[in-house]
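Have a look at the structure below before the remarks.
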Amino acid sequence: MIHLLYTVIFAEMALILLLLFKTPLRKLIILTFDRIKRGRGPVVVKTIGTTVFVVLLSSIYSLVNIQRRSEDGAVLNPTDQVLASKHLLEASLMGFVLFLSLMIDRLHHYIRELRLLRKTMETAKKQNRGFEDGKTTSGEEVKALGEEIAALKAKIKTLESESESKGKELKGAQGETEALRKQADGFLMEYDRLLEDNQNLRNQLESIGHSPEGKKEVKHQINLTNIAEEMIQNLNEQMDAFKVSQLIIQRA
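Quick note: the sequence shown uses this note's numbering, first residue 119, plus one each step.
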C-alpha cells in the first residue's frame, strides 16, 4: 500500500507541474478533468476520497492505541514500533495524497476561471474596438452633419434676405398697382365722358340738315368724333396694359 501511495503522490505532483506550466499536455489534462467532473465522475471521486479519508482515520486510530500502550508503562516490542512507524507513514502519505488531490481540484478550477476571464476580456476588447470604430464613424458623421447644418443655415439666411427683398418689391408693386388703379379709375371716367360726348355728337349730326353750314358743322363734328374714337382706343390700350401689369404683379 505504501508503494501505491507513493505512486499516487508522484502522479499527482506530475499533474500539478503539468497544470502549472503551459504545455501541449495541459489542454488535454484540463479537458480530461472537465469530462471527469461531468455525470458520475464527481460521485466516484468523492467515494474514493472518502475511502482514503476513512483509511487515514483508521491508521491514526491504530497509531493512537499504540501510543496509549506506551504511556501506560508497557514496553513496546519491535513489532509495535514497526506498526507505529508504518501507520504514521501511511497516515502521512494518505494525508499528503488528499492534500494534493485538493490542490489539483482547486488548480483546475482556477485555470478554468482564468480561461473564462480571458475569453471575457477578449470579447470585451473586441466590443471596445468595435465601439471605438463606431465612435470614430459617428464622429465623422457628426462632423458631416455639422457642415450640412451650417450650409443649411447659410441657405436659410440667403432665403430670408431674398424674402425681404421680395417683400419690399411686393410693397412697391402694390403701391404702383394702387397708383395704376387710381389712374384707371380716371381713365374710366374719361372714357364714360367721351362716350357720352360721342353719343351727343351723333345725336346732333342726325338733327342737322343738309345745309352747307350744316355740312361744315358735320365735318367738324366728324373730326371731333374721330378724335374721340382715337382717345377711346388709346384708353382701351391703356386699360389692356393695366390688366397685363396686374396679372404680372399677381404672379410675382
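Cβ coordinates follow ideal geometry from the N, Cα and C atoms, glycine included.
Is the separation between the beta-carbon of Leu174 and that of Met212 shorter than 8 Å?
yes
Counting C-beta neighbours from all protein chains within 10 Å, is the total for Val215 16 or more, i.e. buried, or is it exposed?
Burial call: buried.
With DSSP as the reference, label Gly304 as helix, strand or coil.
In this structure, DSSP gives Gly304 a helical state, which the three-state scheme calls helix.
Beta-carbon separation of Ile154 and Ile229 under 8 Å?
no
Which of helix, strand or coil does DSSP assign to Arg158?
coil
Measure the alpha-carbon distance for Ala209 versus Gly167 and round it to whole angstroms.
Rounded to the nearest whole angstrom, the CA to CA distance from Ala209 to Gly167 is 14 Å.
Mind reading off the beta-carbon distance from Ile120 to Leu218? Whole number of angstroms is fine, and I expect it under 8 Å.
Going by Cβ atoms, the distance from Ile120 to Leu218 rounds to 16 Å, so no, they are not a contact pair.
Along the chain, which unbroken stretches of the beta strand (DSSP E) at least 3 residues long are found entirely within the region 189 to 259?
Listed in chain order, nothing qualifies, since the region 189 to 259 has no complete beta strand (DSSP E) run of 3 or more residues.
For Tyr124, which option in Leu207, Glu189, Asp223 has the closest C-alpha, if you only look at C-alpha atoms?
Leu207
Quick one: Cα of Ser279 to Cα of Ala268, how far?
Cα to Cα, Ser279 sits roughly 17 Å from Ala268.
Out of curiosity, what's the CA-to-CA distance linking Asp413 and Tyr179?
There is simply no residue 413 to check, as the chain begins at 119 and stops at 370 in what is shown.
Can you find a C-beta in chain C that's less than 8 Å from the C-beta of Met131?
In the structure shown, chain C cannot be found, because there is only a single protein chain.
Beta carbon of Ser188 nearer than 8 Å to that of His205:
no
How would you call His226, buried or exposed, if buried means at least 16 neighbouring beta carbons within 10 angstroms?
buried
Asp251 to Lys237 span [Cα, whole Å]:
21 Å
Cα-Cα separation between Glu265 and Glu259, rounded to whole angstroms
Approximately 10 Å, taken between the alpha carbons.
How big is the Cα-Cα spacing for Ala132 and Lys164?
Annotation: Ala132 to Lys164 spans about 21 Å, alpha carbon to alpha carbon.
Report the rounded CA-to-CA distance for Arg311 versus Glu287, giving the unit in angstroms.
Roughly 36 Å separates the two Cα atoms.
Along the chain, where does the alpha helix (DSSP H) containing Met131 start, and where does it finish?
120 to 138
Exposed or buried, which one is Leu146 when buried takes at least 16 other CB atoms within 10 Å?
exposed
According to DSSP, is Thr168 helix, strand or coil?
helix
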